[in-house]
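A.B. asks: I am attaching a structure below and will ask some questions about it afterwards.
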């Protein structure tokens, strides 16, 4: 697929001037590189967040994560200008994406508080399989998907749970993650710069949605500078770096290809476990990594999505 090709899809396009240099930045590196950076921070953020749950609570951590991202994006993307210049359909798109981000982050943390991260990851990946299947119309791509899924199942410890509340949050997070992929791609249609401007506006909406939910739990962080710094770090790792990189990748990848590449997330989780936590993978883990990489490498992106 030509790296300059924009992905056509139904839905509004952001009518906002591109951020300075962001369009050029997006094309300097292949979209797979941006996705790789996103995949790494996708797991670094939650790893740090879980450590802070005892201090600020689950919803308090979600509040601090979203608040940090919204405050960082605000001066850079000027969300008020994005909304002022957008038409009605684009505003609805940004509101939908913002609400999706807010509830998705809260449900993700609520699930992690009750269930093993392997089970939450497994449920999250189920929805992305459907997104990938819809757009992978060739036998080659279906075979690639099958190989990647097989590798993922080897990597994650898929097991049932006796915690119905935790499962409810995990399935809600999985459904909203699919919504994030679909809505995020529509925002990314405007190109890397405009897509990030839209992301900033959506994050402002997310902050408004989550504002009354976790503020009380987050209060202890404001009286402990080390805790506040740690929470800000989680916000940057979880909601700034990965979401920006997602936009840079989404602006040049078909939605189905992006969804298939999400099968690389368990690979990055395993590698982070080795480097950070000294958790050496088993033989089956290594086989799973090889299958996922082979599946993603074998698949051929469609010219349209």
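Residue numbers (the numbering used here): 191 to 495. Positions of the beta carbon are idealized from the N, C-alpha and C atoms, including for glycine.
By Cβ distance below 6 Å, which residues in the same chain neighbour residue 390 in space, the five residues on each side in sequence not counted?
C.D. replies: Here the question's residue 390 lines up with position 200 in the chain shown. Cβ neighbours of residue 390 beyond the five flanking positions: 263, 267, 269.
A.B. asks: Using the Cα positions of residue 396 and residue 432, report the straight-line distance between them to the nearest angstrom.
C.D. replies: One-based indexing of the chain shown puts residue 396 at position 206. One-based indexing of the chain shown puts residue 432 at position 242. Near 16 Å, if we compare the C-alpha coordinates of residue 432 and residue 396.
A.B. asks: From residue 300 to residue 252, what does the alpha carbon distance come to, in whole angstroms?
C.D. replies: For the purposes of this step, residue 300 is taken as residue 110 along the chain shown, with counting starting at 1. For the purposes of this step, residue 252 is taken as residue 62 along the chain shown, with counting starting at 1. Approximately 9 Å, taken between the alpha carbons.
A.B. asks: Are the beta-carbon atoms of residue 366 and residue 472 separated by less than 8 Å?
C.D. replies: Taking the first residue of the chain shown as position 1, residue 366 is located at position 176. Taking the first residue of the chain shown as position 1, residue 472 is located at position 282. Result no, Cβ atoms of residue 366 and residue 472 do not sit closer than 8 Å.
A.B. asks: Drop a sphere of 10 angstroms on the beta-carbon of residue 236, count the other beta-carbons inside from all chains shown, and report buried for 16 or more, exposed for fewer.
C.D. replies: Reading the chain shown from its first residue, position 46 is the one you call residue 236. Buried, since its Cβ has 16 or more Cβ neighbours within 10 Å.
A.B. asks: Return yes when the Cβ of residue 428 is within less than 8 Å of the Cβ of residue 229, no when it is not.
C.D. replies: Here residue 229 is taken as the residue at index 39 of the chain shown, counted from 1. Here residue 428 is taken as the residue at index 238 of the chain shown, counted from 1. Result no, Cβ atoms of residue 229 and residue 428 do not sit closer than 8 Å.
A.B. asks: Just to confirm the assignment: which complete beta strand (DSSP E) runs, minimum length 3, are found wholly within the segment 379–458?
C.D. replies: Counting only runs of 3 or more, we get nothing.
A.B. asks: Pull up the CB-CB distance for residue 275 and residue 355, whole angstroms please, since I reckon it's below 8 Å.
C.D. replies: Taking the first residue of the chain shown as position 1, residue 275 is located at position 85. Taking the first residue of the chain shown as position 1, residue 355 is located at position 165. The pair is not a contact, with the Cβ atoms about 42 Å apart (cut-off 8 Å).
A.B. asks: According to DSSP, simplified to helix, strand and coil, what is residue 211?
C.D. replies: What you label residue 211 is simply residue 21 of the chain shown in a count that begins at 1. Confidence at residue 211 is low in this model, with a pLDDT of 48, below 50, so its placement is unreliable and the value that follows should be read with caution. Of the three classes helix, strand and coil, the one that applies to residue 211 here is coil, per DSSP.
A.B. asks: Counting only the same chain and skipping the five closest in sequence on each side, list residues whose C-beta sits under 7 Å from that of residue 405.
C.D. replies: In the chain shown, residue 405 corresponds to position 215, counting from 1. 253, listed in sequence order.
A.B. asks: Tell me the residue span of the alpha helix (DSSP H) that contains residue 352.
C.D. replies: The residue labelled residue 352 in the question sits at position 162 within the chain shown. Per DSSP, residue 352 belongs to no alpha helix (DSSP H) and is neither H nor E.
A.B. asks: What are the boundary residues of the alpha helix (DSSP H) that residue 239 is part of?
C.D. replies: Indexing the chain shown from 1 puts residue 239 at position 49. From DSSP, the alpha helix (DSSP H) with residue 239 extends over 221–246.
A.B. asks: DSSP state of residue 338, grouped into three classes?
C.D. replies: Sequence index remark: in the chain shown, residue 338 carries index 148 (1-based). Of the three classes helix, strand and coil, the one that applies to residue 338 here is helix, per DSSP.
A.B. asks: Can you give me the Cβ contacts of residue 313 inside the same chain, cut-off strictly under 7 Å, excluding the 5 residues immediately before and after it?
C.D. replies: Your numbering for residue 313 matches position 123 in the chain shown. Result list for residue 313: 360, 361, 364, in chain order.
A.B. asks: Hey, could you find the ends of the alpha helix (DSSP H) residue 279 is sitting in?
C.D. replies: Counted from its first residue, the chain shown places residue 279 at position 89. Per DSSP, residue 279 belongs to the alpha helix (DSSP H) from 278–302.
A.B. asks: Would you report the Cα separation of residue 306 and residue 283, rounded to the nearest angstrom?
C.D. replies: Counting from 1 along the chain shown, the entry for residue 306 is found at position 116. Counting from 1 along the chain shown, the entry for residue 283 is found at position 93. Rounded to whole angstroms, residue 306 to residue 283 spans 33 Å at the Cα level.
A.B. asks: Which residues in the same chain have their Cβ closer than 8 Å to the Cβ of residue 227, if we skip the five residues on either side of it in sequence?
C.D. replies: Start at 1 with the first residue of the chain shown, and residue 227 comes out as number 37. Answer for residue 227: 431, 432, 435, listed in chain order.
A.B. asks: Applying the criterion that 16 or more other CB atoms from any shown protein chain within 10 Å of the CB defines a buried residue, is residue 416 buried or exposed?
C.D. replies: Here residue 416 refers to the residue found at position 226 when the chain shown is read from its first residue. Exposed, by the Cβ-count rule.
A.B. asks: Using a Cβ-Cβ cutoff of less than 7 Å, which residues in the same chain neighbour residue 248 once the five nearest sequence positions on both sides are dropped?
C.D. replies: Here residue 248 corresponds to residue number 58 of the chain shown, with the count starting at 1. Hits under 7 Å: 299, 300, 303.
A.B. asks: What's the C-alpha gap between residue 370 and residue 385?
C.D. replies: Residue mapping note: residue 370 aligns to position 180 of the chain shown, counting from 1. Residue mapping note: residue 385 aligns to position 195 of the chain shown, counting from 1. When rounded, the distance between both Cα atoms is 13 Å.
A.B. asks: From what residue to what residue does the alpha helix (DSSP H) around residue 139 run?
C.D. replies: For the chain, the structure presents residues 191 to 495; residue 139 sits outside this window and is missing.
A.B. asks: Closest to residue 413 by C-alpha separation, out of 246, 219, 401, 288, would be which residue?
C.D. replies: Looking up residue 413 in the chain shown gives position 223. Measuring from the Cα of residue 413, the nearest candidate turns out to be 246.
A.B. asks: Thinking residue 256 and residue 400 are a contact (beta carbons under 8 Å), I'd like their distance in whole angstroms, please.
C.D. replies: Mapped onto the chain shown, residue 256 falls at position 66. Mapped onto the chain shown, residue 400 falls at position 210. So it is a contact: roughly 5 Å between Cβ atoms.
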